[in-house]
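J.:
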Ligand code: PEP
């Protein structure tokens, strides 16, 4: 099965202003890229401006998170109906959101079901901590996360459901995993999806964690890895472009 390649920039709480976000979006939108799907995930406050700026391009815009309820008294949160027309989809279960918002797998499962149920794309992030990695527990952690996180979803369409393997110890540390470790993780993720009744063959698995222009070739060549979720390096348009190029077939 041929899976298209996808590179998504997660801008996190950057850049400093909406104006800066627009400038970055315009540069990404103007950069030619062959045969690689591209996405950016700006901060919520810049979603509308960035979506407008990229409307005539094929760069998809993602929210960095979405709430599990349809509406209600949830101060500071975004619902799927608010994202409709503004974003192609959302990142769900990023480790920084798990850490800062107290999201557990039960909550992630509800967010994922809400996003996919609304017709949005969802990039589900999973990955082990440094201690779990050191104890050789990566596979068991991933199996458990996948089983729990997809437990509320009945339709895992490969067009809309994407998994990002993001070892927590590699995020923002400048210490990416090896390509071999990422490949093994992708294999575990697909086996866990299959075991839960999903057809994993068509589902894209991205790697995320200190991907840079210098480290990307490792992941572009890694079996079972279909692209990258890029944090820090996605804020530099040239470096992001180099990462995208590395995934071009
Ligand atoms: C991320 O936060 O999704 C990420 C991969 O960050 P970085 O590339 O900065 O490690």
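In my numbering, the protein residues as written are 56 to 304.
Every residue gets a Cβ at the ideal spot worked out from N, C-alpha and C, and that includes glycine.
No experiment lies behind these values; they were computed from the predicted model shown.
(1) Taking 7 Å as the cut-off, does the CB of residue 167 come closer than this to any heavy atom belonging to ligand 1?
(2) Which whole-angstrom value describes the C-beta separation of residue 84 and residue 112, a residue pair presumed to lie in contact below a C-beta threshold of 8 Å?
(3) Over the uninterrupted beta strand (DSSP E) stretch that includes residue 94, give me the two end residues.
(4) Between residue 178 and residue 117, how many whole angstroms is the CB-CB distance? I'm expecting something under 8 Å.
(5) Does the count of Cβ pairs from the stretch 159-171 and the stretch 246-255 closer than 8 Å reach three?
(6) Let me check one thing: in DSSP terms, what residues is residue 262 bridge-paired to?
(7) Between which residues of its own chain and residue 267 is the CB-CB distance below 7 Å, once the five residues before and five after are set aside?
(8) Would residue 280 pass as a contact of residue 248 if the rule is Cβ separation under 8 Å?
(9) Using alpha carbons as the reference points, say which of 299, 292, 269 lies closest to residue 282.
(10) Per DSSP, what kind of secondary structure is residue 156 in: helix, strand or coil?
(11) What residue range is occupied by the uninterrupted alpha helix (DSSP H) comprising residue 200?
(12) CA-CA distance, residue 130 and residue 101?
(13) Quick check on DSSP: helix, strand or coil for residue 105?
(14) So what does residue 269 bridge to, in DSSP terms?
(15) Can you grab the Cα-Cα spacing for the pair residue 164 / residue 203, in whole Å?
(16) Who are the Cβ neighbours of residue 304 in its own chain at under 6 Å, not counting the five residues just before and after it?
T.: According to the structure data:
(1) no
(2) 4 Å
(3) 91-96
(4) 7 Å
(5) no
(6) 220, 283
(7) 288, 294
(8) no
(9) 299
(10) helix
(11) 193-204
(12) 18 Å
(13) helix
(14) For residue 269, which the question treats as bridged, DSSP gives no partner whatsoever.
(15) 7 Å
(16) 90
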